[in-house]
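As given, the protein sequences belong to chains W and Z, one line each in that order.
So the first sequence is numbered by numbering that gives the first Met the number 0: it starts at 0 and just counts up by one.
So the second sequence is numbered by numbering that gives the first Met the number 0: it starts at 0 and just counts up by one.
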Amino acid sequence: MVDVTDKIMKYRDVAYYSGCALEGSANGYDVSTRAVAKSLGLRIKDVTDWNCCGAMEVKNIDPGLQTYLSSRVLSNAVNIDHANVVMAPCNGCYHNLKKAEYDLTNDPKSKETVDRLSAKAGHEAYQAGQAETIHALDWIKAAIGEEGLRKRTKGRLAGLKVANYYGCMYVRPRHIFPEKDKGPGSESTSRPHFMDDLLAAAGAENVEFPLKTACCGGAHTLSDSDTSTKLVLNILQAAEASGADVIATECPTCHSGLEMHQVRAEKRFGKKTRITMLYFTQLLGLALGIGPRRLGIHTNISDSTDLIIDKRLT
Amino acid sequence: MGEGSAQAVKDQMIAHLAQIEVRIEEMESCLAQEAPSQIAADLLSLSEEVLQVWILARGQTPTSDAREGFRLLALHRQGARGDPSFNACRETCRELAYHYNLIHGEPEHPHTLGRLRLMIMVAKHLCLFVSGKMRVASLGQFCCASKPLRENMSFE
């Protein structure tokens with residue numbers, strides 16, 4: 000039987016794989032993740048000399064190379080940083096690291112490719128099972144939990160209605176997330192709830208939002224913008240219809256997609272929506288009493304100033 | 000079938016989906032007039048029609064089977080067979096079934112009107128997704144199926 004304290008301790012000190020988006024367009028997600036970690040007394044250490052996870056660009060033309068790139072991140076975390084848990088806030092990074100883990104466990108050809116390219120690059124090859132990849136949601140849920148958050152946040156998000164949008168790469172395809180759908184306490188791929196749980200613990204009211212994992216057309220945001228805009232507009236309108244004040248996000252691609260297509264929907268189709276978007280770490284940060292600027296809220300495209308003032312979140 | 004006529008058939012199907020989308024949006028005006036259970040049943044039926052278009056476009060006959068009591072879920076399963084990217088709309092279909100159950104089970108519930116409004120939007124989302132996928136076959140491929148978009152491209 001796993002000691003509960005050991006389990007909590009395991010997640011209190013993790014390797015942090017921010018990925019490229021959090022260094023650029025999603026800087027507010029990075030800043031708020033670090034601020035929340037500090038406030039909660041959680042230690043995160045950036046993976047030494049990390050590289051691209053393979054994201055879309057490499058994966059789309061050479062999936063084997065993508066598996067290698069993700070495995071190198073895991074190898075550095077294990078062999079240089081001596082970490083056994085790697086936390087990735089970006090759904091794309093998280094998804095790709097999980098996929099690499101799955102491929103290395105189940106596909107001998109992927110393992111052969113990773114071993115060969117790692118030897119060529121002069122570093123130790125990552126072996127399946129050496130590290131556990133988790134999302135930022137798993138991390139706070141495991142290391143602090145709802146009760147811990149409840150005590151620290153004192154219900155500061157009370158009166159705030161939130162629609163939680165998880166997007167697709169956090170839950171699909173199901174087979175690369177073997178730890179999910181394991182019953183009570185585990186995350187669900189069909190109706191994810193970890194973000195709902197954490198924000199509810201901070202006092203927020205989660206609305207019934209039926210499009211929490213619905214397609215936003217993200218991968219085709221530039222090649223077929225109208226499809227993406229229509230899908231995003233429907234997500235935004237559904238969030239408003241569900242009575243939400245804000246959409247909480249946990250993925251930089253989803254977040255910027257919602258923000259940009261909100262603007263485009265008005266320009267292209269004359270459809271204006273007023274709902275704003277905040278990363279869940281920004282909402283948790285506000286609940287912990289951290290100022291909006293320290294959470295990078297001013298760097299979001301979506302302007303949440305009125306919401307923060309109206310709801311007295313600062 | 001030649002490339003030109005295949006495109007013409009595809010265009011026809013996209014136009015059909017656009018008509019279904021309008022019919023879904025028009026359900027909003029029925030909210031005050033029709034019984035909630037009837038509106039929910041109509042939305043379910045329109046959603047089935049959306050999936051039938053997708054299956055017909057793949058040259059198959061839409062199933063008349065049901066799964067977990069819903070033909071919609073059986074149609075989704077059929078539509079995703081051999082194309083895991085179509086799982087991008089799996090939860091959308093399940094949400095439709097869930098909302099149908101909520102509304103059908105408790106039509107007098109104080110939240111019924113709100114649930115119907117959301118069900119309209121979920122049905123619209125399904126229609127938008129399938130319509131998008133008819134235009135760009137790889138929608139959902141990279142993310143929901145975790146497969147490359149240029150899988151068959153040769154660099155040799």
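Just so you know, even glycine gets a beta-carbon here, dropped at the ideal spot from N, CA and C.
Query	Result
Taking LYS6 (chain W) as the reference, which of W:ASP137, W:LEU210 and W:GLN126 has the closest Cα?	W:ASP137
Which stretch, first to last residue, makes up the alpha helix (DSSP H) that contains THR104 (chain W)?	90-105
Are the CB atoms of LEU312 (chain W) and LYS270 (chain W) within a distance shorter than 8 Å?	no
Thinking C-beta only, is ALA39 (chain Z) closer than 8 Å to ILE102 (chain Z)?	yes
Using a Cβ-Cβ cut-off of less than 9 Å, list which residues of the segment 201-226 of chain W approach chain Z; keep chain order.	GLU207, PHE208, PRO209, LEU210, LYS211, THR212, ALA213, CYS214, GLY216, GLY217, ALA218, HIS219, SER222, ASP223, ASP225 and THR226
If I follow the unbroken alpha helix (DSSP H) through TYR125 (chain W), where does it start and stop?	That residue, TYR125 (chain W), is in no alpha helix (DSSP H); it is neither H nor E in DSSP.
Answer yes or no: does any C-beta atom of chain W fall closer than 8 Å to that of LEU45 (chain Z)?	no
Return the CA-CA distance between THR212 (chain W) and TYR169 (chain W), expressed in angstroms with no decimal places.	9 Å
Are the CB atoms of TYR28 (chain W) and MET86 (chain W) nearer to each other than 8 Å?	no
For GLN236 (chain W), which residues in chain Z fall below 7 Å Cβ to Cβ?	MET120
Taking all protein chains shown into account, decide if GLN18 (chain Z) is buried (16 or more other Cβ within 10 angstroms of its Cβ) or exposed.	exposed
Pull up the distance between the alpha-carbon of THR32 (chain W) and that of LEU43 (chain Z), whole angstroms please.	41 Å
Hey, quick one: how far does the beta strand (DSSP E) through ILE246 (chain W) stretch, first residue to last?	245-248
Of all the residues that make up the segment 259-282 of chain W, which are near chain Z by a beta-carbon distance shorter than 7 Å?	none
Would you call the segment 178-187 of chain W and the segment 227-247 of chain W in contact, with 3 or more CB pairs under 8 Å?	no
What are the boundary residues of the alpha helix (DSSP H) that GLU100 (chain Z) is part of?	Looking at the sequence itself, residue 100 (chain Z) is Asn, so the reference to Glu does not match. Segment 89-104, the alpha helix (DSSP H) holding ASN100 (chain Z).
By a C-beta neighbour count over all protein chains shown, 10 Å radius and 16 as the cutoff for buried, is ALA7 (chain Z) buried or exposed?	exposed
Using Cβ-Cβ distances below 7 Å, what residues of the segment 59-89 of chain W are close to chain Z?	ASN59, ILE60 and PRO62
Could you give the residue range of the alpha helix (DSSP H) that holds ASN78 (chain W)?	62-78
Of all the options W:GLN261, W:LEU257 and W:ILE234, which has the alpha carbon lying nearest to the alpha carbon of LEU117 (chain Z)?	W:ILE234
Mind checking if VAL135 (chain Z) is an interface residue toward chain W, Cβ cutoff 8 Å exclusive?	yes
Are the segment 60-74 of chain W and the segment 124-133 of chain W touching by the rule of at least three beta carbon pairs closer than 8 Å?	yes
Rounded to a whole number of angstroms, what is the C-alpha to C-alpha distance between PHE176 (chain W) and PRO109 (chain Z)?	38 Å
Would you kindly report the start and end of the unbroken beta strand (DSSP E) that includes ARG267 (chain W)?	No beta strand (DSSP E) holds ARG267 (chain W); the alpha helix (DSSP H) holding it covers 251-268.
I'd like to know whether the C-beta of HIS124 (chain Z) is nearer than 8 Å to at least one C-beta of chain W.	yes
Using a Cβ-Cβ distance cut-off of 8 Å, determine whether CYS167 (chain W) contacts chain Z.	yes
If you run the structure through DSSP and keep just helix, strand and coil, what is ASN26 (chain W)?	helix
Which chain Z residues sit within Cβ distance under 7 Å of LEU189 (chain W)?	In the sequence as displayed, the identity of residue 189 (chain W) is Ser instead of Leu. Here the neighbours are GLU90 and ARG93.
From the DSSP output, in three-state form, read off VAL13 (chain W) for me.	strand
Under a three-way DSSP split, which group does ASN86 (chain Z) fall into?	helix
Would you check if there are 3 or more beta carbon pairs closer than 8 Å linking the segment 111-120 of chain W to the segment 245-257 of chain W?	no
Give a yes or no on whether the minimum CB-CB distance between ILE175 (chain W) and chain Z is below 8 Å.	yes
Which residues of the segment 34-52 of chain W have a Cβ closer than 7 Å to any Cβ of chain Z? Give them in chain order.	none
Mapping DSSP to helix, strand and coil, what is ALA39 (chain Z)?	helix
Return the bridge partner residues of ARG66 (chain Z) from the DSSP annotation.	Z:PHE69
Just grab the DSSP bridge partners of THR132 (chain W) for me.	W:VAL85
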